[in-house]
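In my numbering, the protein residues as written are 13 to 180.
Every residue gets a Cβ at the ideal spot worked out from N, C-alpha and C, and that includes glycine.
Bear in mind the structure is a predicted one, so any value in this text is a computation, not a measurement.
Have a look at the structure below before the remarks.
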């Protein structure tokens, strides 16, 4: 009986370690200026990632919604990032800089090989995809695919962000 309990506890510990490693996996993005930004550098903050591409017709509406949220949470421990899934051949750094100039307080990043997009969006892989990460860098809830401007999108995301900010 005692050995069985030890085995179960050991199995739970191993599963917990593996799950934590997968969920808090680090990804690197590039900025329009060519710098590298690691997702781990944002830990301690709630992070909202909007994966999109220039071909996405909902890109502008998504950026506007993120900007509205960024204004609402200015000065709080929340980071908002628009992440382009376009490669440098599809969207040059100069074009990305132009987009960054219109994004206000939102960080504009590139996930050229789509590693983070594929990891976070799962089977959904719909543009745009919104992923919310908790302060430890783990995804909170399911990714949201698509953007319905008629929904209460901003307030829905705000309630998720508020609940994560209250956690320590």
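C-alpha gap between residue i and residue j, whole angstroms
i           : j           : result
residue 104 : residue 68  : 16 Å
residue 179 : residue 55  : 14 Å
residue 49  : residue 43  : 7 Å
residue 122 : residue 94  : 8 Å
residue 125 : residue 168 : 30 Å
residue 74  : residue 88  : 21 Å
residue 97  : residue 163 : 25 Å
Reference residue i, options the options, closest by Cα
i           : options              : result
residue 156 : 150, 139 and 149     : 139
residue 174 : 37, 110, 144 and 116 : 144
residue 170 : 52, 77, 66 and 64    : 77
residue 85  : 57, 137 and 127      : 57
residue 165 : 53, 62 and 39        : 62
residue 38  : 159, 109 and 129     : 129
residue 177 : 120, 159, 60 and 90  : 90
residue 116 : 51, 53, 46 and 72    : 72
Collapsed DSSP secondary structure at residue i in the structure displayed
i          : result
residue 91 : strand
residue 42 : strand
residue 63 : strand
Item to complete: Determine contact between the segment 72-87 and the segment 145-153, defined as no fewer than three beta-carbon pairs at a distance below 8 Å.
Response: no
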